[in-house]
Amino acid sequence: MGDADAANPDDIFTIENYDNPENYDNPAWGRTAGGSMDIACHYLYIVDNLLDASHVALVHVSSFAGAGTGNLPLDIEKLDDGVIVSRWVLDAAPPPHDAPILPFPGDCDHKQHYECRLPSTAFNMSIYTRAGTGGDDANLPDDSFINISYNFMTPVDADNTRYFWFQHRNSQPDNEEISRQMFEGAKTAFIEDREVLTEVHHGMKESRTRHINLGIDAGAMRFRKMVERRIAAKVLRA
Ligand SMILES: [Fe+2]
């Protein structure tokens with residue numbers, strides 16, 4: 439998109455442990471095959487979704503929803519080029535999709551980290567530790583499990599987006615069965631997201647009632663303001 443001469447490769451988001459020159463393709467980390475799908479919605483609705491921790495309990499009921507996440511407050515951190523929405527869920531059963539992949543049994547402390555960088559690169563990081571060992575001030579134990587879901591939204595036009603993703607984890611890098619399970623789990627979830635996002639796009643276009651933002655939308659609204667400002671600045675320079 440846009441003016442190719444104005445593109446700056448230094449602005450491309452660096453993926454820690456994968457394409458960081460100081461730590462290229464870290465052998466301790468395993469990744470799933472990349473996937474992609476077209477979604478008939480504006481790309482910022484996918485960004486909204488990826489910054490919205492609350493949708494998991496409603497849209498991914500049987501897979502990624504975990505116990506007791508409904509009303510826990512979220513921290514919002516503003517970066518120069520993005521936002522982070524996060525929270526620790528302490529001493530709870532892991533979500534059904536992740537439970538078989540964890541290196542330890544039983545309940546856990548779980549950090550949900552939703553981050554989006556300009557223009558539309560989002561990653562969701564999950565950190566799992568044994569119950570009682572997580573939290574903001576904790577030193578993470580050696581058997582902590584980290585999975586990062588990277589999401590790259592490329593607008594096709596105002597009504598369509600090509601959505602790319604892969605998952606990256608800090609354990610069992612050569613276990614192809616885990617890679618396959620994680621790929622399938624993510625794809626199943628993204629198909630659930632696609633159904634909702636297509637209806638959101640349609641509903642917002644045809645909206646006949648006032649639009650109300652909730653407190654939980656704060657992260658996505660901050661990110662949208664950043665995108666608007668960046669677009670306005672480019673238009674003014676042209
Ligand atoms: Fe989702």
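Start counting at 1 in the sequence shown, then tack on 438, and there's your number in the numbering used here.
Ideal placement from N, C-alpha and C gives every residue a C-beta, glycine not left out.
Check                                                                                                    : Outcome
Backbone secondary structure at Phe661 - three-state DSSP                                                : helix
Assigned exposure category for Gly657 - 16 Cβ within 10 Å defines buried                                 : buried
Buried versus exposed, by CB contacts within 10 Å (16 or more), Ser582                                   : buried
Beta strand (DSSP E) runs wholly inside the stretch 587-646, at least 3 long, in chain order             : 598-607
Distance cut-off 7 Å: Asn487 Cβ against heavy atoms of ligand 1                                          : yes
Coarse secondary structure for His551, derived from DSSP in three states                                 : strand
Where the beta strand (DSSP E) through Tyr566 begins and ends                                            : Thr559 to Arg568
Residue interval of the beta strand (DSSP E) (run including Ala486)                                      : The residue you asked about is not Ala; residue 486 is Asp in the sequence shown. Careful: Asp486 lies outside any beta strand (DSSP E), inside the alpha helix (DSSP H) at Tyr481 to Leu488.
Touching by the beta-carbon criterion (3+ pairs, under 8 Å), the stretch 538-546 and the stretch 515-523 : no
Residue of Ala444, Ser617, Asp449 and Gly440 minimising C-alpha distance to Thr559                       : Asp449
beta-carbon Ala627 near ligand 1 non-hydrogen atom, thresh 7 Å                                           : yes
Whole-number beta carbon distance between Cys546 and Arg568, since they are thought to touch under 8 Å   : 6 Å
Proximity test, His493 beta-carbon vs ligand 1 heavy atom, cut-off 7 Å                                   : yes
Straight-line gap, Gly472 to Arg600 (C-alpha atoms, nearest Å)                                           : 13 Å
Element boundaries [alpha helix (DSSP H), containing Leu528]                                             : That residue, Leu528, is in no alpha helix (DSSP H); its beta strand (DSSP E) goes Gly520 to Ala530.
Range covered by the beta strand (DSSP E) that runs through Arg517                                       : Note that residue 517 corresponds to Leu in the displayed sequence, not to Arg. From DSSP, the beta strand (DSSP E) with Leu517 extends over Asp513 to Leu517.
Straight-line Cα distance separating Gln550 from Phe542                                                  : 18 Å
Near ligand 1: Asp631 beta-carbon under 7 Å from a heavy atom                                            : yes
Supposed close pair His649, His480 - CB separation, criterion 8 Å                                        : The Cβ separation is near 14 Å, so there is no contact.
Start and end residues, alpha helix (DSSP H) containing Val494                                           : His493 to Val497
Nearest residue (CA-CA) to Thr571, options Tyr588, Asn589, His548 and Ile584                             : His548
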